[in-house]
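Chains as they are written, first to last, in our numbering: chain A, 1 to 464; chain B, 465 to 671. We treat Cβ as the ideally placed atom computed from N, Cα and C, and that holds for glycine. Since this is a predicted model, take the numbers as computed values, not measurements. Working notes, structure below.
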Ligand code: SF4
């Protein structure tokens, strides 16, 4: 057998039919459904006289539209109610509000063991690439494609090109997976991954726990890539063992034998290779309205006049105006109004632990609204069992219920116009956190540091 | 789930050569939550079209009288990046946009276009700038034609610019194909795949 990349192994395992021109009909092993696109997809499928082909391979979660208000009503509003009705008609398993398992799809899939190495996994949400952190081929789809999966359990897909990013070296204290990936996007640009699936490799990736790998893969879409993936290894298997939906006993052993074959073979070639020395990475913070607009926290806001490409220059100018920042000035010390620790990027237990370690025994600066929104009901319960909720509440953070919350503004939770937010989410787009809201992306530790300082702060200067 | 066919179109083309126009900017999330897909047109590019005080920004290209009715958008790199919301395509469609020409596209947006009869064309930025220059030389009069069967664009001055398009996607647009209907015809192959796969990877089917 010839040497293959991880992408090709995953792809070839799922080809139902070769459609020519590099297109395949791919089998979809796992379909995650959320409250925004799911209910309508299910309704239209039924209207079109089509049945949901494999309801047992789909799993539904209310997350986008539900409020994160502490002690929220379990009804969850129109979209959640509609989801409840539609999935029960189709016979799809729902993890409802108040139940263990509810949460942001990209947090719950891996947490429940629904996401497994080697599966194809899709969801009508662009951050589905997150699940590649478990060694899955996972990507976001549109609404018509979602209906296609419901009706056929397959998708028509064109095989992406192969990009490998190798992260080597040892990171400095306080540098997190979020910094790795923001730094990469800053280095190669938000469109660099277009048409590619990215494999993250190298010693620094092997050293990351699964949750860090999920954070890295989460931002693959912000690189423009279709999918991001990390080959599964013992770290993955240890994380997965005993998760509710992971295989058990003899079935686990069979699965494990297969998973151990899932890696890029020596001697395989990639269409593009990038190398990153993680020792060079400083705590990252975005200054503009694309994730590629990112600098080290100790750097200056860049000057569009120094850029020769007119398209880039225009984009930078528009971004600086929107963000209310001046070129050439330090970004550190810029006052902030909001801090959001949450989203499918950084709302897992380890994220909350790292933010809590910074917040412990300190106080949120006056005038700053700081929210911690766990990514799932299970994360919330686990954090409370460790007393993290107390650490945050004592410091003056709000401790909220699992939801997409301030990441997207689909649930009425928004940053006010003109206000500045440091957020652990993945998109600093114009208006993403609310019309006119100014978003700076950073790691959970950096977000906590900003909350305490009342300004964009270098967490390395906070001391312990 | 019928899809409108795309063959030849002639229209005003609006130059919007900014990079990384994301789908959040094309259609805000509050709108897609509140409105049915066929009522999103008036809200396309809302965050660029209106200023903070709610008035129209006269400098934004789609607010200029010459470009209000544009059926083609000339865009910068990475158009439609970000969220998978197919509402971005529906909002553009609702405004009368039928084609976008950009150096590169967000992957999911690109796929979503074909599901809805919208044509995304990738061309080098220099070529797009040349078309934009011709458009801006006679705004109000300039028209751009896109001929999908011939895979060419006719610029306002009559230059013929070829573009390449994946044959599978081209056929899909020309015929207005409903992909789901076509795949359903392959049910025996899907069933055969699953039967084989249940032997090879049984754990997939026993969640
Ligand atoms: S947390 Fe944000 S990015 Fe993640 S799924 Fe929810 S809305 Fe999308």
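Proximal residues of chain A, C-beta to C-beta of residue 548(B) below 7 Å | Those are 124, 125, 126, 140, 141 and 142, listed as they occur along chain A.
Beta carbon of residue 192(A) nearer than 9 Å to that of residue 185(A) = Yes, they are a contact pair.
Just by C-beta distance, which residues in the segment 422-438 of chain A are closer than 8 Å to chain B?
-> Within the segment 422-438 of chain A, contact with chain B at the beta-carbon level (separation under 8 Å) is assigned to 427, 429, 430, 431, 432, 435 and 436.
With 16 as the cutoff for other CB atoms within 10 Å, does residue 465(A) come out buried or exposed?
-> In the structure as shown, chain A begins at 1 and stops at 464. Residue 465(A) is therefore absent and cannot be evaluated.
Go to residue 489(B), then tell me how far its alpha helix (DSSP H) extends in each direction, as first and last residue.
-> 487-490 is the extent of the alpha helix (DSSP H) around residue 489(B).
Drop a sphere of 10 angstroms on the beta-carbon of residue 471(B), count the other beta-carbons inside from all chains shown, and report buried for 16 or more, exposed for fewer.
-> Residue 471(B) is exposed by the Cβ-count criterion.
Can you find a heavy atom of the ligand SF4 that lies under 8 Å from the Cβ of residue 479(A)?
-> For residue 479(A) there is no data in the structure shown, the boundaries of chain A being 1 and 464.
Taking C-alpha atoms, which residue in 145(A), 76(A), 158(A) and 437(A) lies nearest to residue 19(A)?
-> The shortest Cα separation from residue 19(A) among 145(A), 76(A), 158(A) and 437(A) belongs to 158(A).
Sequence-distant residues of its chain with Cβ nearer than 8 Å to residue 641(B) (five each side left out) = The answer, listed in chain order, is 467 and 635.
In angstroms with no decimal places, state the Cα-to-Cα distance between residue 299(A) and residue 282(A).
-> C-alpha separation (whole angstroms): 10 Å.
Since residue 351(A) contacts residue 424(A) with CB under 8 Å, what's their CB separation in whole angstroms?
-> Taking C-beta atoms under 8 Å as the contact rule, residue 351(A) and residue 424(A) qualify, at a distance of about 7 Å.
Alpha carbon to alpha carbon, how far is residue 218(A) from residue 551(B)?
-> One C-alpha to the other measures close to 22 Å.
Please confirm whether any heavy atom of the ligand SF4 lies closer than 8 Å to the CB of residue 63(A).
-> Yes.
Let me know if residue 427(A) comes out buried or exposed under the rule of 16 or more other beta-carbons within 10 Å of its beta-carbon.
-> Of the other Cβ atoms in all chains shown, 16 or more fall within 10 Å of the Cβ of residue 427(A); this residue is therefore buried.
Are residue 65(A) and residue 35(A) closer than 9 Å when you measure CB to CB?
-> Yes.
Please confirm whether any heavy atom of the ligand GDP lies closer than 8 Å to the CB of residue 104(A).
-> No copy of the ligand GDP occurs in the structure displayed; its ligands are the ligand SF4 alone.
Among 85(A), 93(A), 102(A) and 431(A), which one has its Cα closest to the Cα of residue 381(A)?
-> Residue nearest to residue 381(A) within the set 85(A), 93(A), 102(A) and 431(A) is 102(A) (criterion: CA-CA distance).
Compare the C-beta of residue 417(A) with all C-beta atoms of chain D and state if any pair is closer than 9 Å.
-> Any reference to chain D falls outside this structure, whose protein chains are A and B.
Rounded straight-line distance, which links the Cα of residue 449(A) to that of residue 462(A) = Rounded to the nearest angstrom, the two C-alpha atoms are 7 Å apart.
Can you tell me which of the three DSSP states residue 465(B) falls into?
-> Because residue 465(B) carries a pLDDT of 49, less than 50, the predicted location of this residue cannot be relied on, and the following value inherits that uncertainty. Collapsing the DSSP output to three states places residue 465(B) in coil.
Continuous beta strand (DSSP E) stretch holding residue 340(A): start and end | From DSSP, the beta strand (DSSP E) with residue 340(A) extends over 338-341.
Identify, in the order they occur along the chain, each residue of the same chain with its Cβ nearer than 7 Å to the Cβ of residue 488(B), setting aside the five sequence neighbours on each side.
-> Residues 546 and 547 of the same chain have their beta carbon placed closer than 7 Å to that of residue 488(B), with the five preceding and five following residues left out of the count.
Quick one: what's got a C-beta closer than 6 Å to residue 220(A)'s C-beta in the same chain, skipping five residues either side?
-> Closer than 6 Å at Cβ, skipping near neighbours: 129, 198 and 228.
Alpha-carbon spacing of residue 245(A) relative to residue 132(A), whole angstroms = Within the model, the alpha-carbon separation for residue 245(A) versus residue 132(A) is close to 17 Å.
Within 9 Å, strictly: CB atoms of residue 154(A) and residue 325(A) = Against a cut-off of 9 Å, the Cβ pair of residue 325(A) and residue 154(A) comes out as no contact.
Under a three-way DSSP split, which group does residue 112(A) fall into?
-> In the structure shown, the three-state DSSP call for residue 112(A) is helix.
For the segment 93-107 of chain A and the segment 248-257 of chain A, state whether three or more C-beta atom pairs, one from each stretch, are separated by less than 8 Å.
-> Touching, no, given that fewer than three Cβ pairs across the two stretches are closer than 8 Å.
State whether the segment 201-220 of chain A contacts the segment 305-316 of chain A, with contact taken as three or more CB pairs (one from each stretch) at a distance under 8 Å.
-> Output reads no: the segment 305-316 of chain A does not touch the segment 201-220 of chain A.
Using a C-beta to C-beta distance shorter than 9 Å, which residues of chain A count as neighbours of residue 631(B)?
-> Identification of chain A residues near residue 631(B) by a Cβ-Cβ cut-off of 9 Å yields 20 and 21, ordered along the chain.
Measure how close the beta-carbons of residue 422(A) and residue 456(A) come, nearest whole angstrom, since I'm counting them as under 8 Å.
-> With a Cβ gap of about 6 Å, residue 422(A) and residue 456(A) count as contacting.
Endpoints, the alpha helix (DSSP H) within which residue 512(B) is located | Note, residue 512(B): alpha helix (DSSP H), 510-513.
For residue 157(A), does the three-state DSSP call read helix, strand or coil?
-> Residue state, collapsed to three classes: strand.
My guess is that residue 196(A) and residue 272(A) are in contact by the Cβ rule of under 8 Å, so how many angstroms apart are they, rounded?
-> That belief holds up - the Cβ atoms of residue 196(A) and residue 272(A) are roughly 7 Å apart, short of 8 Å.
Cα separation between residue 475(B) and residue 534(B)?
-> Each residue's alpha carbon lies about 6 Å from the other.
Which bits of chain B does residue 148(A) rub up against, with CB to CB less than 8 Å?
-> Counting only Cβ-Cβ distances below 8 Å, residue 148(A) has contacts in chain B at 643, 644 and 647, in chain order.
The segment 467-479 of chain B: positions lying closer than 8 Å to chain A by Cβ = Here the close residues number zero.
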